[in-house]
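Student: Take this structure, written in structure tokens, and hold onto it; I'll ask about it next.
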Amino acid sequence: MAESANAPMAVSDEVAIQIQNMNKWYGSFHVLRDIDLTVYRGERIVIAGPSGSGKSTLIRCINALEEHQKGSITVDGTVLSSDIKNIDTIRSEVGMVFQHFNLFPHLTILENCTLAPIWVRKIPKREAEQTAMHFLEKVKIPEQANKYPGQLSGGQQQRVAIARSLCMRPRIMLFDEPTSALDPEMIKEVLDTMVELAEEGMTMLCVTHEMGFARQVANRVIFMDAGQIVEQNEPEEFFNNPQNERTKLFLSQILGH
Amino acid sequence: MSDTHAQTVAFVRDTMLPEQPPPASEAGVIKWMRENLFKGWFNSILTLLSIFFIYKIVSGAYPWFANGIWNTSSLAECREMLDGMTGACFSVLTERWNQLLFGFTYPTEAYWRPTLAVVLLLVAIAPVLYPKAPRKLMLFTAIYPFLAFWLIWGGTLLTPLMVLVGLIAGYFAFKKFERQSFAMGMLAGLVATVVVIWAGGVIPAAMPDVLALQAIPSRDLGGFMLNMILGTVCVSLSLPLGIMLALGRQSSMPIIKWMCVVFIEFIRGVPLITLLFVANVVLAYFFPPGSNIDLVLRVIIMITMFSSAYIAEVIRGGLAALPRGQYEAGDSLGLDYAQSMRFIILPQALKISIPGIVNVAVGLFKDTTLVSVISMFDLVGMIRGPILASTEWNGVYWELWGFAVFVFFIVCFSISKYSQWLERQLATDHR
Amino acid sequence: MSTISDPPSGSFQLSMLINDTRYRSYTFQFIALILLILAFAYLGYNLLANLQAAGLNISYKFLGEPAGYDINQTLIDYTSQSSHWRASLVGVLNTLLVAFLGCIMATVIGVVVGVLRLSNNWLVRQLMSIYVEIFRNVPVLIWILIIMAVFIAVLPQPRDFRGEDATASMVFGAFAFTGRGFYSPAPVFGPGSGVVVAVFLASIAGIFAFRNYAKKALYDRGQLIPTLWPSLAIFFIPAILAFFVMGRPITLDLPSLQGFNFQGGIFMRNSLIALWFALSIYTAAFIAENVRAGILAVSKGQTEAAASLGLRPGRIMNLVVLPQALRVIIPPLISQYLNLTKNSSLAIAVGYMDLTGTLGGITLNQTGRAIEAIFLLMLFYLAISLAISAIMNVYNNAVKLKER
């Protein structure tokens, strides 16, 4: 895995996500301010920042879980508008992994993974199950397929959640603090899965505090504070030579011990 | 141990200590009594009072039960047999047994029909109550309502059969279109059901004698049977209504939300008895002129509305208890509203709501006795009316009311025990 | 550049009514509204057609006409010549009376039973859970009728109190429990009794003032003043002194047997008592469960934390457990009050003349104004429950735990 960090990442110039001048308010609270961001296909971006800086809100807007009030978001050429068809298209292109996994506790692991392919992608059940088993093998828990989420450890649940998203064959994956709710000994297994995914060239946007992960796989680190992008750079530069005072302060706090 | 290592802090145990019995005063019956009955003077007084109270009840009730007379045909005869002794005239129960169960106008030769319906009800309800019962029984559960209707009200079997066929047609139409969209499926299902029932309606009309039982009008229903019918029918009908009301109340669309809120709060704000008055004297005004909807049906409509409002509130609690992440996960996978409700939200919300729903069901079953106030002859109505007013049994209070208490207690207590059992089952299920 | 992602309004298409999140909800709501209006129009049309066919109309004039029936238990002046409106008012007051009495008694029984269910006495615990289970699982209507049957079948009639060989006697010479109802002494306020009442009210205010003073003493000077005995003293002594100083202005009017019935004192009809007791013991079974759940809801950790700070058990209860338990107990308690009030409409089963018995019973039957009478009846209960919910909301907002 060490070599993958050094290997230059092949990044195309095809645009995956284009965010222009996006603004969002909660009531009168201005959460996101003039966000401009272009994500290229195959890029792996880590978004860092203090809590309340709007990082989660940003990636939730991309998936239309939150509405933005101003500006535009274009995912794979589809403009995110209030048209339901566009929203559906974008959601099936974009997979999302949550901090608290959000697996469906009343369904088995396999059913968790096949529900959306069957009902949204209209894939026959047998085929959907084969796909699901494929991805469960990939996250290394095929033997748990018939258990319920409650019977799994946190790390396993999060890997299932990743597999569940992959079953929809997304072209972009969003991670919303995927390791924050995990016990320390389980963080690695989830990060390993994410690294593997990165090596296959998946376009990824990760909100995370795992700076080791950022150094290892990210092409770009974005630092957000007070609802705006304060600094973005390649990981080496970002960690070794931060420019903005806020970034320096944040890094000193997070890496200080 | 400290003597060997007195000088050093480090300590390694080389032999494990064996387990020892507790001191004698810490075990046995004596200890239990001291802890649970006579801990302090206040507790001891309470214990003595309780024992005195139990003694009073038992010494009063025992001879009454033991000397009970089971086989006379009137109170006078019974008193004569008792000859001044304390004793119960249970013979009122044996003599009026059929009236208590079936009311006083239900034809005697048809008693086997509701009896069979109750037995079959137990079979039909088993797969709903016990998750471990064979799944195939569900099929019987699905046809049971039609069978029970035929058994209790009589007439030709073709009528309920036609409705069943219509619903099956509707189900298949729904299945065919549901992948496209839930709304489409529902619409197709509805159209298919209505068309089949309407077109098929000529068949029972043309052949009223095929597989026919003696038709019995609803006004002849009575006794505990009426309580059972009202209870089961209204609870089953109010579940789907309650789910819809709860979803409506959670909706983000203000008009739909307010329609549901007004309905729910209105129903919950008035006593059931006023709704029964409505069923009795007002509801008929709202049906098309000339239509003649019988009282039992009107009462079923009002009680169903009543319990659906309460069930809606229970289910709303279940919906609110689900973490927001479940909704978001459904959204992020691209499921639409109907899909995420059907597959993700409702299965979990209903499971959380089961104890509450059972509570509403028990309350509703108890409330079915209120129909006696609008002169229907359910169990309470039978006791108050025809039996206590008869010359033979005028004055037999304790036996009759004791019987009513006993019957309702058995049914309601077992339902609530069942719900507690189910709650424990679900709690250890997978979490 | 500030491009808004939504297409400009000029390009509106009909399909957007269904497919666009902005219009979609309006479409659905519009359809729902139309359906609602159609349903109401249909019902209204049927109503008018049926009324016309029966030669009826909707009118509230009947409220002003003389009722023509007697009511046997009234709180305000009423004769059979009074209007239906007056009869309804009697009914309203009777409903409120039985609801008020019932709520108090249900609370007292419920709290006692609920606490006893947690007692460490095994026997008491079992007895209380038997009580709760039996009363919760049997319809309240049956309890009302049973208690009424006790009056009819068990209690002596007033005539049994007569003569030398009376089979029944009054308790303390002041209370009579008969099959018709209970007779108890009534206070008669003579001249000067105003002073006694005023002194009594002032001493209640004095208790509060004293408790405030004690609290202040504790907070300011760290001085703990006992409050129980002084409070009791303030409660009783001034009023009793005033009573004797003013020359015993308040006397009791004892019920006494006159002919075949008792005269004087306060008379509570058997139907009122049956309803009151039955509603109380039935509702108390539910309240007991709420109380128990509320006390259990305060985690053991809270008691342990308080104990580890060195508080004594009594103070732990008062300062830590109760304030938290009450938050859990009071909302369901209030909804039990509401249930009790609604269940009081069962009065009609024993002939107690509450609003359901007057307006919804005899008035309805005499005038035939079913729609109007039932509408007013529902409106009254609705108003009560809305008022109670409003109180509940105020309470919930007041005690809401301050949380992030």
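Chains as they are written, first to last, in the numbering used here: chain A, 1 to 257; chain B, 258 to 688; chain C, 689 to 1092.
All C-beta atoms, glycine included, are put in the ideal place defined by N, C-alpha and C.
Might you give, ordered along the chain, the residues of its own chain that have their beta carbon closer than 6 Å to the beta carbon of C:Thr691, omitting 5 neighbours on each side?
Tutor: Within the third sequence, residue 691 of chain C is the residue found at index 3, counting from 1. The pLDDT assigned to C:Thr691 is 40, lower than 50, so where the model puts this residue is not dependable; a value taken from the coordinates is nonetheless given after this. Cβ within range, chain order: n/a, list empty.
Student: Going along the segment 570-597 of chain B in order, which residues come within less than 7 Å of chain A, judged by CB to CB distance?
Tutor: Residues passing the 7 Å Cβ filter: Gly582, Gln583, Glu585, Ala586, Asp588, Ser589, Leu590, Gly591, Leu592 and Gln596.
Student: What's the C-alpha gap between A:Ile87 and B:Ile601?
Tutor: As a first step, residue 87 of chain A must be located in the first sequence, where it is residue number 87. As a first step, residue 601 of chain B must be located in the second sequence, where it is residue number 344. Cα to Cα, A:Ile87 sits roughly 20 Å from B:Ile601.
Student: Would you kindly report the start and end of the unbroken alpha helix (DSSP H) that includes B:Cys491?
Tutor: Residue mapping note: residue 491 of chain B aligns to position 234 of the second sequence, counting from 1. Gly480 to Gln507 is the span of the alpha helix (DSSP H), which, as asked, contains B:Cys491.
Student: Residues of chain B with a CB under 8 Å from the CB of C:Gln717: which are they?
Tutor: Residue mapping note: residue 717 of chain C aligns to position 29 of the third sequence, counting from 1. Chain B residues near C:Gln717: Met510, Pro511, Ile512 and Ile513.
Student: Closer than 9 Å, CB to CB, is B:Ala566 near chain C or not?
Tutor: For the purposes of this step, residue 566 of chain B is taken as residue 309 along the second sequence, with counting starting at 1. Taking Cβ atoms only, chain C never reaches closer than 9 Å to B:Ala566, which makes this a no.
Student: Buried or exposed: which applies to C:Ala832, given that a residue is buried once 16 or more other Cβ atoms fall within 10 Å of its Cβ?
Tutor: Start at 1 with the first residue of the third sequence, and residue 832 of chain C comes out as number 144. Looking at the sequence itself, residue 832 of chain C is Ile, so the reference to Ala does not match. Buried is the call here.
Student: Closer than 9 Å, Cβ to Cβ, to anything on chain B: give me those residues from the segment 803-837 of chain C, in chain order.
Tutor: Cβ contacts with chain B: Leu804, Ser807, Asn808, Asn809, Trp810, Leu811, Val812, Arg813, Gln814, Leu815, Glu821, Ile822, Arg824, Asn825, Val826, Pro827, Val828, Leu829, Ile830, Trp831, Leu833, Ile834 and Ala837.
Student: Could you tell me whether any Cβ in chain B is nearer than 9 Å to the Cβ of A:Asp76?
Tutor: Here the question's residue 76 of chain A lines up with position 76 in the first sequence. With 9 Å as the cut-off, A:Asp76 does not count as an interface residue toward chain B.
Student: Three or more C-beta pairs under 8 Å: does that hold for the segment 175-190 of chain A against the segment 155-162 of chain A?
Tutor: Flag = yes, the segment 175-190 of chain A and the segment 155-162 of chain A touch.
Student: Report the rounded CA-to-CA distance for B:Val492 versus B:Gln356, giving the unit in angstroms.
Tutor: Translated into positions along the second sequence, residue 492 of chain B becomes position 235. Translated into positions along the second sequence, residue 356 of chain B becomes position 99. Answer to the nearest angstrom: the Cα atoms are 25 Å apart.
Student: By DSSP's criteria, A:Gln18 is part of a beta bridge. Which residues make up the other side?
Tutor: Counting from one through the first sequence, the residue named residue 18 of chain A turns up at place 18. Bridge partners of A:Gln18: A:Thr38 and A:Thr74.
Student: Tell me, please, whether the segment 631-642 of chain B touches the segment 330-341 of chain B by the rule of three or more beta-carbon pairs shorter than 8 Å.
Tutor: The answer is no - the segment 330-341 of chain B does not touch the segment 631-642 of chain B, with fewer than three Cβ pairs under 8 Å.
Student: Are any of the Cβ atoms in chain C nearer than 9 Å to that of B:Ala646?
Tutor: Translated into positions along the second sequence, residue 646 of chain B becomes position 389. No, B:Ala646 does not count as interfacial toward chain C.
Student: Check the Cβ of C:Thr709 against every Cβ in chain A and list those closer than 8 Å, keeping chain order.
Tutor: Your numbering for residue 709 of chain C matches position 21 in the third sequence. The contacting residues are Ser82, Asp83, Ile84 and Ile87.
Student: For a contact meaning CB atoms closer than 7 Å, what does C:Tyr1069 contact in chain B?
Tutor: Within the third sequence, the letter at position 381 stands for residue 1069 of chain C. Here the neighbours are Gly526, Val527, Pro528 and Thr531.
Student: Could you name the residues of the same chain whose beta carbon sits closer than 7 Å to that of A:Glu93, not counting the 5 residues immediately before and after it, in chain order?
Tutor: As a first step, residue 93 of chain A is located in the first sequence; it is residue number 93 there, counting from the start. Hits under 7 Å: Val75, Asp76, Pro170, Arg171 and Ile172.
Student: Can the beta-carbon of B:Val664 be found closer than 9 Å to that of B:Val617?
Tutor: Stepping through the second sequence from its first residue, residue 664 of chain B is reached at position 407. Stepping through the second sequence from its first residue, residue 617 of chain B is reached at position 360. Cβ distance not < 9 Å, so B:Val664 and B:Val617 don't count as in contact.
Student: Alpha carbon to alpha carbon, how far is B:Ala333 from B:Thr648? Give it in angstroms, no decimals.
Tutor: Within the second sequence, numbered from 1, the residue matching residue 648 of chain B stands at position 391. Within the second sequence, numbered from 1, the residue matching residue 333 of chain B stands at position 76. Looking at the two C-alpha atoms, the distance is approximately 10 Å.
Student: Compare the beta carbon distance of C:Thr1046 and C:Asn782 with 9 Å and say whether it is the shorter of the two.
Tutor: Locating residue 1046 of chain C in the third sequence gives position 358, counting from the first residue. Locating residue 782 of chain C in the third sequence gives position 94, counting from the first residue. Against a cut-off of 9 Å, the Cβ pair of C:Asn782 and C:Thr1046 comes out as a contact.
Student: Can you list, in chain order, the residues of its chain whose CB lies under 6 Å from that of C:Ile1036, leaving out five sequence neighbours each side?
Tutor: Numbered from 1 along the third sequence, position 348 holds the residue referred to as residue 1036 of chain C. Closer than 6 Å at Cβ, skipping near neighbours: Thr1044, Gly1045 and Gly1049.
Student: Between B:Ser565 and B:Gly499, how many whole angstroms is the CB-CB distance? I'm expecting something under 8 Å.
Tutor: The residue you call residue 565 of chain B lines up with position 308 of the second sequence. The residue you call residue 499 of chain B lines up with position 242 of the second sequence. B:Ser565 to B:Gly499, Cβ: 4 Å. Contact.
Student: Flag C:Asn1031 as yes if its beta-carbon sits less than 9 Å from any beta-carbon of chain B, otherwise no.
Tutor: What you label residue 1031 of chain C is simply residue 343 of the third sequence in a count that begins at 1. Closer than 9 Å to some Cβ of chain B, the Cβ of C:Asn1031 qualifies, so yes.
Student: Flag this pair as yes or no: are the beta carbons of B:Leu415 and B:Val467 separated by less than 9 Å?
Tutor: Locating residue 415 of chain B in the second sequence gives position 158, counting from the first residue. Locating residue 467 of chain B in the second sequence gives position 210, counting from the first residue. Result yes, Cβ atoms of B:Leu415 and B:Val467 sit closer than 9 Å.
Student: In whole angstroms, give me the CA-to-CA distance for A:Glu43 and A:Ala218.
Tutor: Mapped onto the first sequence, residue 43 of chain A falls at position 43. Mapped onto the first sequence, residue 218 of chain A falls at position 218. Answer to the nearest angstrom: the Cα atoms are 8 Å apart.
Student: Find the residues of chain A that neighbour B:Lys608, judging by a C-beta separation of less than 9 Å, and give them in chain order.
Tutor: Walking along the second sequence from the start, residue 608 of chain B turns up at place 351. Near B:Lys608 (Cβ distances below 9 Å), the residues of chain A are His106.
Student: Identify each residue in the segment 305-323 of chain B for which the Cβ-Cβ distance to at least one residue of chain C is less than 9 Å, and report them in chain order.
Tutor: If the cut-off is 9 Å between Cβ atoms, the segment 305-323 of chain B has Leu306, Ser307, Ile308, Phe310 and Ile311 near chain C.
Student: Does the segment 826-841 of chain C come within contact of the segment 960-979 of chain C, defined as at least 3 CB pairs closer than 8 Å?
Tutor: With a cut-off of 8 Å, the segment 960-979 of chain C and the segment 826-841 of chain C count as touching, because enough Cβ pairs lie within range.
Student: Any idea what DSSP makes of A:Thr305, helix, strand or coil?
Tutor: Because residue 305 of chain A is not part of the residues shown, which for chain A are 1 to 257, the question remains open.
Student: Quick one: which chain B residues come within Cβ less than 7 Å of A:Lys122?
Tutor: Here residue 122 of chain A corresponds to residue number 122 of the first sequence, with the count starting at 1. Residues of chain B passing the Cβ test: Arg436.
Student: Helix or strand or just coil, what does DSSP make of A:Phe238?
Tutor: Against the first sequence, residue 238 of chain A aligns to sequence position 238. DSSP places A:Phe238 in helix when its eight states are reduced to three.
Student: By a C-beta neighbour count over all protein chains shown, 10 Å radius and 16 as the cutoff for buried, is B:Trp650 buried or exposed?
Tutor: Indexing the second sequence from 1 puts residue 650 of chain B at position 393. The residue is buried, with at least 16 neighbouring Cβ atoms inside 10 Å.
Student: Run down chain B in chain order and give the residues with a C-beta less than 9 Å from the C-beta of C:Ile1036.
Tutor: To locate residue 1036 of chain C, count along the third sequence from 1; it is residue 348. Under the 9 Å cutoff, chain B gives Ile530 and Val630.
Student: Residues in its own chain within less than 6 Å of C:Thr762 by CB, not counting five upstream and five downstream?
Tutor: As a working note, residue 762 of chain C is residue 74 in the third sequence. Closer than 6 Å at Cβ, skipping near neighbours: Val778.
Student: Using a Cβ distance threshold of 8 Å, determine whether the segment 745-752 of chain C contacts the segment 710-728 of chain C, with at least three qualifying pairs required.
Tutor: Verdict: no, contact absent.
Student: Just mark B:Val349 as buried or exposed, buried being the case when its beta carbon has 16 or more other beta carbons within 10 Å.
Tutor: Indexing the second sequence from 1 puts residue 349 of chain B at position 92. Buried, by the Cβ-count rule.
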